[in-house]
Amino acid sequence: MPVDTKDIVNYYNDGHAIKECAIRFGLHPETIRVRLRKAGIKDARHRTNPLPPELIEYYKSGHSISKCSRKFGVSPSKISKELKSLGVKRSKPQNLEISSNRTRELWKSDEYRSKVIKNNTWNNERRKRASDKIKEKWKDKEYKAAISQSMIDKWSDDEFKSQMLSKFRNSEYVDRMRHISIEKWKDDEYRSRMINIFLECRSDPEYRQKMADTWKNPDLRKLLSEKAIRKWQDPEFKQLMSEIMTVVWQDQNRRQRMGQIISELWNDDGYRNKLITILSDRAVELWKDPEYRQKMTKIIRDRWQDDEFRKKMIGIINQNAKVSNIQKILYSILDDLNIKYYREYESDDDKCSDPECQIGPHLFDCMIPRNDKPDLLIECQGDYWHNLDHKITNDKSKSTYIERYYSDTYEIKYLWEHEFLNHNKIVEVIKYWLGIHTTDMIDFKLGDVEIRECPAKDYKILLSKYHYLPNAGRGGISYGAYVDDILIATCIFSPLVRQNITIKDFSRDQIRELSRLCIHPQYQKKNFATWFISRCIKRLDRKFKCVISYCDTTFNHDGAVYKAANFIHDKDVAPDYWYAHESGWIMHKRTLYRHAKSLKLTEAEFADKHGYRKVYGKKKLRFVYERQ
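Using the working numbering, read the sequence shown as starting at 139 and increasing by one per residue.
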């Protein structure tokens with residue numbers, strides 16, 4: 139039969155405890171609390187029946203709450219809460235104070251404390267039963283919400299809050315709890331259980347959001363930051379944490395788990411960008427402090443004077459080496475020219491950088507041995523990174539080291555990123571440095587050529603070395619010509635770039651532009667280009683009915699290859715500008731624009747900085763091929 143809330147309220151107002159109400163009506167205690175809260179009774183202070191004045195006087199005279207309860211027939215919980223709400227304090231009887239002092243003195247004895255704990259009926263079995271019971275209760279959302287609200291109500295009481303904070307911040311209490319925590323953490327089972335609880339919480343989106351909202355409180359962050367700073371100024375605490383973390387990180391399972399967690403977090407673009415911004419801003423602010431800067435400089439200098447540390451760091455530098463795209467282009471050009479050289483490898487290549495590139499504490503991008511001259515060291519300089527102050531300082535340090543100690547052994551040269559964008563410049567510069575005046579041609583038969591789809595990682599290197607537009611632009615459908623699995627030519631068909639391009643009645647989806655045709659200079663052969671284009675077009679999907687291409691007469695392209703492949707010259711395109719360097723090397727305007735944009739410069743700023751001037755070229759020829 140349903141229980142009327144009014145009956146519960148009346149019974150509770152008569153002075154009965156929550157537990158007594160639960161037994162009386164056969165309901166869970168938390169259900170009783172929820173019903174009372176809905177009726178407007180949050181705690182005993184909201185009861186309609188006040189305590190008798192005689193009870194209050196009896197309590198003031200020094201009697202305990204339990205004695206008051208037995209004498210007047212009112213539940214202890216009601217008496218406690220009513221007295222608290224009225225601000226009534228009991229005078230301590232002398233015998234109670236004596237007993238309290240005696241117990242406090244006894245508890246200071248390790249022997250007594252150990253004996254009490256050992257004889258305590260709160261054994262592991264009972265503790266486990268209670269723990270399981272509480273866990274089961276917490277699965278009930280209504281119960282969880284009620285307990286949570288109860289704690290919120292308690293902590294909103296300034297007197298309660300003040301009492302608890304006073305207790306928690308008491309130095310004796312803090313030391314005692316710290317000792318207990320340390321002893322607990324030494325227990326492998328406890329430590330493992332707490333780590334698992336933490337990991338489970340971290341995987342709960344609701345918990346993570348709640349913690350994120352909590353950490354948005356600037357007062358909380360400031361308080362915890364100040365506490366952490368004070369703790370870490372304690373040498374004993376620092377030593378303790380060092381020992382704990384050393385032990386913890388020796389656990390391979392934990393290392394693997396934490397590595398996985400960190401990896402998952404770092405793969406989150408939002409988290410990664412936010413963290414990088416926070417750390418970067420924090421580092422900038424710290425570095426503005428002269429005292430901090432001087433302190434860090436001294437620490438770093440002292441570390442590098444340790445021979446063991448220097449050796450270790452050089453090994454780490456080699457292990458974490460990263461090879462840039464322009465380095466890869468340089469190595470590929472040297473391979474094409476059949477030049478012996480030593481190079482740097484990435485840590486992912488499962489191969490250490492050649493020791494010939496490690497000179498003293500410095501690792502160089504490339505070393506080329508020469509017979510009649512000092513060996514050649516080549517450094518590939520990114521336009522952005524190597525114009526940063528710390529990189530400029532590092533580059534000067536490398537150069538000074540070679541000039542001071544190895545001027546008779548090595549000569550150092552630099553190749554800048556923007557120089558790789560000049561058609562054929564890097565190839566010719568390397569030939570000049572090495573005294574190479576001719577290039578051997580490689581003979582092959584058309585029957586030896588395999589045509590297949592060409593991945594970007596293959597054709598990008600070829601274009602970067604030998605095409606006046608050293609990138610694939612819009613990309614598209616790419617084919618490669620391979621001899622003995624070596625890429626010797628590439629053909630790329632891209633979507634139309636201009637909306638207003640029209641050819642007869644063909645729709646834009648039926649047209650593709652032959653945007654890149656590049657053949658390795660050592661594999662030039664009569665009719666090879668025409669043969670290659672024709673076979674690539676045959677491989678295109680039949681939905682493409684028309685192919686167009688452009689020849690820039692500025693670069694001496696007259697379209698002979700396209701004519702031989704049955705393309706028809708249908709119109710001329712007005713002249714456009716390009717860029718010429720003061721040394722004579724040229725760069726396409728689109729190449730210069732893209733590179734300037736990547737450096738956050740305008741076209742004009744980049745051209746002025748690196749000595750390029752705008753030159754208007756000649757007309758372009760458009761060729762059209764209609765598929766049958």
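In this text, a Cβ means the ideal position worked out from N, Cα and C, and glycines have one as well.
Only a predicted model underlies this, so the values are computations on that prediction, with no experimental measurement involved.
Exercise for the section: Using three-state DSSP, classify Thr352 as helix, strand or coil. Expected result: Position 214 of the sequence shown, counted from the first residue, corresponds to residue 352. Of the three classes helix, strand and coil, the one that applies to Thr352 here is helix, per DSSP.
Practice task
Report yes if the C-beta distance between Ala718 and Arg751 is below 7 Å; otherwise report no.
Solution key: Within the sequence shown, numbered from 1, the residue matching residue 718 stands at position 580. Within the sequence shown, numbered from 1, the residue matching residue 751 stands at position 613. The answer is yes: Cβ separation under 7 Å.
Handout entry: Range of the contiguous alpha helix (DSSP H) that encloses Ala594
Key = Here residue 594 refers to the residue found at position 456 when the sequence shown is read from its first residue. Unbroken alpha helix (DSSP H) run through Ala594: Ala594 to Tyr604.
Problem - contact_flag[the stretch 643–655, the stretch 669–684] where n(CB pairs < 8 Å) is 3 or more - result: Result yes; three or more Cβ-Cβ pairs closer than 8 Å.
Handout entry: Contacting residues, own chain, Cβ-Cβ under 7 Å from Arg171 (five flanking each side not counted)
Key = To locate residue 171, count along the sequence shown from 1; it is residue 33. Around Arg171: Ile156 and Ala284.
Handout entry: Cα-Cα separation, Thr352 to Leu361
Key = Stepping through the sequence shown from its first residue, residue 352 is reached at position 214. Stepping through the sequence shown from its first residue, residue 361 is reached at position 223. Cα to Cα, Thr352 sits roughly 13 Å from Leu361.
Problem - Cβ neighbour criterion (16 or more within 10 Å) applied to His154 - result: Here residue 154 is taken as the residue at index 16 of the sequence shown, counted from 1. Using a 10 angstroms sphere on the CB of His154, the tally of other CB atoms reaches 16 or more, which defines it as buried.
Handout entry: Span separating the alpha-carbon of Met725 from that of Pro512
Key = The residue given as residue 725 occupies position 587 in the sequence shown. The residue given as residue 512 occupies position 374 in the sequence shown. Take the alpha-carbon of Met725 and the one of Pro512: they are about 32 Å apart.
Practice task
Let me know the alpha helix (DSSP H) ranges lying completely inside the stretch 389–450, each 4 residues or longer, listed in chain order.
Solution key: Taking only runs of at least 4 residues, the alpha helix (DSSP H) segments lying wholly in the stretch 389–450 are 390–404, 407–425 and 428–442.
Practice task
In the DSSP assignment, find the beta strand (DSSP E) that holds Glu94 and state where it starts and stops.
Solution key: With the chain represented from 139 up to 766, any question about residue 94 goes unanswered, as that position is not in the structure.
Practice task
Would you grab the beta carbon distance between Val147 and Leu189 for me? Rounded to a whole angstrom, and I think it's under 8 Å.
Solution key: Counting from one through the sequence shown, the residue named residue 147 turns up at place 9. Counting from one through the sequence shown, the residue named residue 189 turns up at place 51. Contact doesn't hold; Cβ gap of about 18 Å is too wide.
Exercise for the section: Assign Leu221 to buried or exposed, taking buried as 16 or more other Cβ atoms, counted over all protein chains shown, within 10 Å of its Cβ. Expected result: Locating residue 221 in the sequence shown gives position 83, where the first residue counts as 1. Counting every other CB atom within 10 Å of its CB across the protein chains shown gives Leu221 a total of 16 or more, marking it as buried.
Practice task
Decide if Gly211 is buried, meaning its Cβ has at least 16 other Cβ atoms within 10 Å, or exposed.
Solution key: On the sequence shown, position 73 is the one that residue 211 refers to. It counts as exposed.
Handout entry: Environment of Gly408 [buried if 16+ CB atoms lie within 10 Å]
Key = Here residue 408 refers to the residue found at position 270 of the sequence shown. Gly408 comes out exposed.
Problem - Exposure label - Ala268; buried when at least 16 CB within 10 Å - result: Within the sequence shown, residue 268 is the residue found at index 130, counting from 1. So Ala268 counts as exposed.
Problem - Segments of 4+ residues assigned as alpha helix (DSSP H) that fall wholly inside the stretch 532–582 - result: For the stretch 532–582, whole alpha helix (DSSP H) runs of length 4 or above, ordered along the chain, are 563–572.
Problem - Nearest residue (CA-CA) to His658, options Ile580, Ser491 and Tyr250 - result: As a first step, residue 658 is located in the sequence shown; it is residue number 520 there, counting from the start. Closest by alpha carbon: Ile580.
Problem - CA-to-CA distance, Met379 to Ile367, given in whole angstroms - result: Working through the sequence shown from its first residue, we reach residue 367 at position 229. Working through the sequence shown from its first residue, we reach residue 379 at position 241. The straight-line gap from Cα to Cα measures roughly 14 Å.
Problem - Cα-Cα separation between Ala160 and Tyr150, rounded to whole angstroms - result: Within the sequence shown, the letter at position 22 stands for residue 160. Within the sequence shown, the letter at position 12 stands for residue 150. If I take the Cα positions, the gap works out to 10 Å.
Practice task
Return the Cβ separation of Thr692 and Lys756 in integer angstroms, given the expectation that the two are a contact with Cβ distance under 8 Å.
Solution key: Numbered from its first residue, the sequence shown carries residue 692 at position 554. Numbered from its first residue, the sequence shown carries residue 756 at position 618. Yes, Thr692 and Lys756 are in contact; Cβ-Cβ is about 5 Å, under 8 Å.
Problem - Residues bridged to Trp716 (per DSSP) - result: Taking the sequence shown and counting its residues from 1, one reaches residue 716 at position 578. Residue pairing by DSSP places Trp716 opposite Val753 in a beta bridge.
Exercise for the section: Per DSSP, which residues does Ala627 bridge with? Please list them. Expected result: Looking up residue 627 in the sequence shown gives position 489. The partner list for Ala627 (beta bridge, DSSP) reads Ala619 and Ile657.
Problem - Gln377 - DSSP class collapsed to helix/strand/coil - result: For the purposes of this step, residue 377 is taken as residue 239 along the sequence shown, with counting starting at 1. Of the three classes helix, strand and coil, the one that applies to Gln377 here is helix, per DSSP.
Practice task
Look at Arg654 and Pro633 and say whether their C-beta atoms are less than 7 Å apart.
Solution key: For the purposes of this step, residue 654 is identified with residue 516 of the sequence shown, where counting begins at 1. For the purposes of this step, residue 633 is identified with residue 495 of the sequence shown, where counting begins at 1. Contact: no.
Problem - Length of the line joining the Cα atoms of Ile471 and Glu429 - result: The count along the sequence shown starts at 1 and reaches residue 471 at position 333. The count along the sequence shown starts at 1 and reaches residue 429 at position 291. Their backbone Cα atoms lie some 49 Å apart in a straight line.
Handout entry: alpha helix (DSSP H) segment containing Tyr763, residue limits
Key = Numbered from 1 along the sequence shown, position 625 holds the residue referred to as residue 763. Taken as a continuous stretch (DSSP letters only), Tyr763 belongs to no alpha helix (DSSP H), being part of the beta strand (DSSP E) at Lys758 to Glu764.
Handout entry: Local Cβ density within 10 Å of Asn509, reported as buried at 16 or more and exposed below that
Key = Against the sequence shown, residue 509 aligns to sequence position 371. The residue is exposed, with fewer than 16 neighbouring Cβ atoms inside 10 Å.
Problem - Three-state secondary structure assigned by DSSP to Ile706 - result: Residue 706 sits at position 568 when you count from the first residue of the sequence shown. Strand, per DSSP.
Practice task
Evaluate Lys460 with the Cβ neighbour count: other Cβ atoms within 10 Å of its Cβ, from every protein chain shown; 16 or more gives buried, anything less gives exposed.
Solution key: Residue 460 sits at position 322 when you count from the first residue of the sequence shown. Burial call: exposed.
Exercise for the section: Tell me, please, whether the stretch 545–563 touches the stretch 464–479 by the rule of three or more beta-carbon pairs shorter than 8 Å. Expected result: When Cβ pairs closer than 8 Å are counted between the two stretches, the stretch 545–563 is seen to touch the stretch 464–479, the count reaching three or more.
Practice task
Within the same chain, show all residues whose beta-carbon is closer than 6 Å to that of Tyr480, passing over the 5 residues directly before and after it, in chain order.
Solution key: Here residue 480 is taken as the residue at index 342 of the sequence shown, counted from 1. Cβ within range, chain order: Asp492, Glu494, Cys495 and Met505.
Problem - Three-state class that DSSP yields for Phe502 in the structure shown - result: The residue you call residue 502 lines up with position 364 of the sequence shown. Coil at Phe502, not helix or strand.
Problem - For Met725, the residue or residues it bridges with in DSSP - result: Along the sequence shown, one-based indexing puts residue 725 at 587. Partner residues in the beta bridge of Met725, as assigned by DSSP, are Tyr717.
Practice task
Please state if the CB of Tyr754 and the CB of Pro713 are separated by a distance shorter than 7 Å.
Solution key: Within the sequence shown, the letter at position 575 stands for residue 713. Within the sequence shown, the letter at position 616 stands for residue 754. In contact: Pro713 and Tyr754 (Cβ atoms closer than 7 Å).
Practice task
Indicate whether Ala774 and Ile589 have their beta-carbon atoms separated by less than 7 Å.
Solution key: Only positions 139 to 766 of the chain appear in the structure, and residue 774 is not among them; the question remains open.
Handout entry: the stretch 562–579 touching the stretch 593–601, judged by at least three CB pairs closer than 8 Å
Key = Counting Cβ pairs under 8 Å, fewer than three are found: no touch.
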